[in-house]
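Read through the structure below, which is laid out as structure tokens, and then see the notes.
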Amino acid sequence: MSRISLLEEMIEYERNILDGAIGEGAEFEVYYEQSRKLDSLIDEYYKLLLEK
Numbered sequence: 011m012s013r014i015s016l017l018e019e020m021i022e023y024e025r026n027i028l029d030g031a032i033g034e035g036a037e038f039e040v041y042y043e044q045s046r047k048l049d050s051l052i053d054e055y056y057k058l059l060l061e062k
């Protein structure tokens with residue numbers, strides 16, 4: 011599995027967790043930390059795409 015494919019799966023997984031946190035009305039800190047994880051993965055994904 012390529013690094014890009016792996017990142018795509020990780021982004022989808024983290025996005026699902028974030029959607030669940032929003033749906034459950036999680037505390038702001040939980041939402042914020044999950045958003046940061048997702049943003050970091052998305053940044054890494056686009057950096058890899060731009061390198062190609």
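If you use the working numbering, the sequence shown corresponds to residues 11 to 62, in order. Built from N, CA and C at the ideal position, the CB exists for glycine as well.
Where the alpha helix (DSSP H) containing residue i begins and where it ends
i: Ser15; result: 13-33
i: Glu43; result: 38-61
Close-in-space but distant-in-sequence residues of the same chain around residue i (CB under 8 angstroms, 5 per side omitted)
i: Ile52; result: Ile21
i: Ser15; result: none
i: Glu18; result: Tyr55
i: Leu59; result: Ile14
For residue j and residue i, the rounded distance between their alpha carbons
i: Lys47; j: Glu24; result: 7 angstroms
i: Gly33; j: Val40; result: 12 angstroms
i: Asp49; j: Ala36; result: 18 angstroms
i: Lys57; j: Ala31; result: 27 angstroms
Option in the options with minimal Cα separation from residue i
i: Ser45; options: Ser12, Asp29, Lys57; result: Asp29
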